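See structure below.
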Ligand SMILES: Nc1nc2c(ncn2[C@@H]2O[C@H](COP(=O)(O)OP(=O)(O)OP(=O)(O)O)[C@@H](O)[C@H]2O)c(=O)[nH]1
Ligand SMILES: [Mg+2]
């Protein structure tokens, strides 16, 4: 299908130990001959076994050395793309890699488009589309867990779940079609059985969709804003969670003037955590802007950590700030529990924050931090934690296909004894088509283009 040979720098720009220029196409190993002089005379790249490295030099058209390199070859079809692949390991830094690439391009190679190597792998049947998407997820993974889920997808785990569902739908479809085609011999389908099977598929789809939502949290991460009145210990909590002294902490109210953000990993969930300026009425110009920014951060956050100070008790200021938080995802933390004097009791807490998770602890003495992390995990995965423990990585595109499939299966079930048999067949067909999009069987060209455009050049 592809006639031309492609090349790109596959390592990120900037200085590094080595950089890799990757080539793919049919016969590209032979095409290296004029470009590469092996250290040991008499060896030709094409004569070397697949999956070996050869030391030598990339040379220009006058035989001058461009860089000393190690060249890896992978012969078709046992390569990433399924074509002949050459990987030139040159010296790190952008100049050697660029000069090697220019040399290759001058010899007739074309610069690869973003994701073109992976696209060729897909077109040559080395990967299905969900595996190709997993490759992007691995590149972008922000946590170990996100990466592990993507690895599973790459190894084709999702595929078998989907194939299993498709199989179930095909069987139901066959039962319905038999009744349409041979009404006299077969009669009506056994509605109870069809209903039972549809129900089974629905619950499998439900747990897949739930797992997809969970995976989204692990893949995309969440943002958390720490808020509360001045001096409750917001910056101290940020520093404790980050395990470094990022934000300035003093006993002076109004220390933090701006939103300070950083990234942490809470039980495998990538979290952007934001420390905000304590919200209060102020005449100070700088603090005023800080307070305004705090409000915006709180509005934008997926989850708000609302801090109280056990030493001051719950004050009018606390109530005022709390009334400005509009998300449902709130965790209340009573801070400074290490102090002897406690002015916040259980009853007033429960009365003021019914139904919200409440943690008692100390940001400074690191008490209750485990509990806080557990609470964060629970809250962001709430309603999505399945007892089935199904763990999969699903892209947004795949999730929308799953949801469409679920709707069509629901329609089939609801219309079961009333709708004409042909209509049931149409709904089932729609469900099967949606599932086919997940594995790429029914994907349109534009959709495929969109997927690969998310890749970087050289992948
Ligand atoms: N005893 C005790 N003191 C704490 C604790 N957490 C914070 N503090 C103290 O409370 C004071 C204020 O802490 P910060 O973290 O600066 O408070 P903040 O909420 O960021 O304050 P602003 O930036 O002014 O809004 C400091 O003196 C901290 O040492 C705690 O858990 N226990
Ligand atoms: Mg602060």
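Residue numbers (our numbering): -10 to 448.
In this text, a Cβ means the ideal position worked out from N, Cα and C, and glycines have one as well.
No experiment lies behind these values; they were computed from the predicted model shown.
Selection from 46, 28, 65 and 23 that minimises the alpha carbon distance to residue 40: As a working note, residue 40 is residue 51 in the chain shown. Per the Cα distances, 65.
Span separating the alpha-carbon of residue 179 from that of residue 418: For the purposes of this step, residue 179 is identified with residue 190 of the chain shown, where counting begins at 1. For the purposes of this step, residue 418 is identified with residue 429 of the chain shown, where counting begins at 1. Their Cα atoms are separated by approximately 19 Å.
Supposed contact pair residue 193 and residue 154 - C-beta distance, whole angstroms, cut 8 Å: Within the chain shown, the letter at position 165 stands for residue 154. Within the chain shown, the letter at position 204 stands for residue 193. Between residue 193 and residue 154 the Cβ distance is about 6 Å, and since that is below 8 Å, they are a contact.
With 16 other Cβ atoms within 10 Å as the buried cut-off, status of residue 44: Here residue 44 refers to the residue found at position 55 of the chain shown. It counts as exposed.
Residue range of the beta strand (DSSP E) that includes residue 65: Taking the first residue of the chain shown as 1, we reach residue 65 at position 76. Looking at the DSSP string, residue 65 is not in any beta strand (DSSP E), and its letter there is neither H nor E.
Rounded separation between residue 158 and residue 190 - CA only: Indexing the chain shown from 1 puts residue 158 at position 169. Indexing the chain shown from 1 puts residue 190 at position 201. Cα to Cα, the separation comes out at about 8 Å.
Given residue 345 as reference, the closest of 328, 49, 389 and 296 once Cα atoms are compared: Along the chain shown, one-based indexing puts residue 345 at 356. Comparing Cα-Cα distances from residue 345 to each of 328, 49, 389 and 296, the minimum goes to 296.
Contacting residues, own chain, Cβ-Cβ under 6 Å from residue -1 (five flanking each side not counted): Translated into the one-based positions of the chain shown, residue -1 becomes position 10. Same-chain partners within the cutoff: 9, 11 and 447.
Within 8 Å, strictly: CB atoms of residue 222 and residue 352: In the chain shown, counting from the first residue as 1, residue 222 sits at position 233. In the chain shown, counting from the first residue as 1, residue 352 sits at position 363. Contact flag set, yes.
Neighbour-count burial assignment, residue 445, 16 or more Cβ in a 10 Å radius: To locate residue 445, count along the chain shown from 1; it is residue 456. Under this definition residue 445 is an exposed residue.
The stretch 239 to 258 contacting the stretch 355 to 369, beta-carbon criterion three pairs below 8 Å: yes
As assigned by DSSP and simplified to three states, the class of residue 428: As a position in the chain shown, residue 428 is number 439, starting the count at 1. Three-state DSSP puts residue 428 in a helix.
Presumed contact (8 Å Cβ cut-off) between residue 323 and residue 347, rounded CB distance: In the chain shown, the residue the question calls residue 323 occupies position 334. In the chain shown, the residue the question calls residue 347 occupies position 358. About 7 Å; that satisfies the 8 Å criterion.
From 197, 416 and 73, residue whose alpha carbon lies closest to that of residue 385: The residue given as residue 385 occupies position 396 in the chain shown. Nearest C-alpha to residue 385: 197.
Among 302, 392 and 50, the one whose alpha carbon lies nearest that of residue 220: Taking the first residue of the chain shown as position 1, residue 220 is located at position 231. Comparing Cα-Cα distances from residue 220 to each of 302, 392 and 50, the minimum goes to 302.
Cut-off 6 Å between Cβ atoms - residues of its own chain near residue 121, not counting five sequence neighbours on either side: Here residue 121 is taken as the residue at index 132 of the chain shown, counted from 1. Closer than 6 Å at the Cβ level, and outside the excluded window around residue 121, lie 107 and 111.
Three or more C-beta pairs below 8 Å linking the stretch 393 to 410 and the stretch 428 to 445: no
Cβ-Cβ separation, residue 68 to residue 74 (assumed contact under 8 Å), whole Å: Reading the chain shown from its first residue, position 85 is the one you call residue 74. Reading the chain shown from its first residue, position 79 is the one you call residue 68. Indeed, because the Cβ distance is near 4 Å, the residues count as touching under 8 Å.
Within 8 Å, strictly: CB atoms of residue 330 and residue 300: Numbered from its first residue, the chain shown carries residue 330 at position 341. Numbered from its first residue, the chain shown carries residue 300 at position 311. In contact: residue 330 and residue 300 (Cβ atoms closer than 8 Å).
C-beta atoms of residue 119 and residue 140 nearer than 8 Å: Numbered from 1 along the chain shown, position 130 holds the residue referred to as residue 119. Numbered from 1 along the chain shown, position 151 holds the residue referred to as residue 140. Against a cut-off of 8 Å, the Cβ pair of residue 140 and residue 119 comes out as no contact.
Secondary structure of residue 311, DSSP reduced to three states: Indexing the chain shown from 1 puts residue 311 at position 322. Of the three classes helix, strand and coil, the one that applies to residue 311 here is helix, per DSSP.
Supposed close pair residue 212, residue 130 - CB separation, criterion 8 Å: Here residue 212 is taken as the residue at index 223 of the chain shown, counted from 1. Here residue 130 is taken as the residue at index 141 of the chain shown, counted from 1. Contact flag wrong, Cβ pair sits at about 18 Å.
Contacting residues, own chain, Cβ-Cβ under 6 Å from residue 423 (five flanking each side not counted): Position 434 of the chain shown, counted from the first residue, corresponds to residue 423. Within the same chain, residue 423 has close Cβ partners 390, 393 and 394.
C-beta contact flag for residue 266 and residue 247 at 8 Å: Taking the chain shown and counting its residues from 1, one reaches residue 266 at position 277. Taking the chain shown and counting its residues from 1, one reaches residue 247 at position 258. Against a cut-off of 8 Å, the Cβ pair of residue 247 and residue 266 comes out as a contact.
Beta-ladder partner(s) of residue 99, from DSSP: Mapped onto the chain shown, residue 99 falls at position 110. Answer is -5, bridged to residue 99.
Beta-carbon gap between residue 24 and residue 48 smaller than 8 Å: Looking up residue 24 in the chain shown gives position 35. Looking up residue 48 in the chain shown gives position 59. Their beta carbons are under 8 Å apart, which means residue 24 touches residue 48 by this criterion.
When 428, 28, 370 and 443 are compared against residue 149, the one with the closest alpha-carbon: Position 160 of the chain shown, counted from the first residue, corresponds to residue 149. Per the Cα distances, 428.
Residues near residue 109 by beta carbon distance below 7 Å, same chain, minus five either side: Working through the chain shown from its first residue, we reach residue 109 at position 120. Closer than 7 Å at Cβ, skipping near neighbours: -9, 13, 70, 71 and 72.
DSSP bridge partner residues for residue 80 (one or two, in chain order): To locate residue 80, count along the chain shown from 1; it is residue 91. Beta-bridge pairing links residue 80 to 7.
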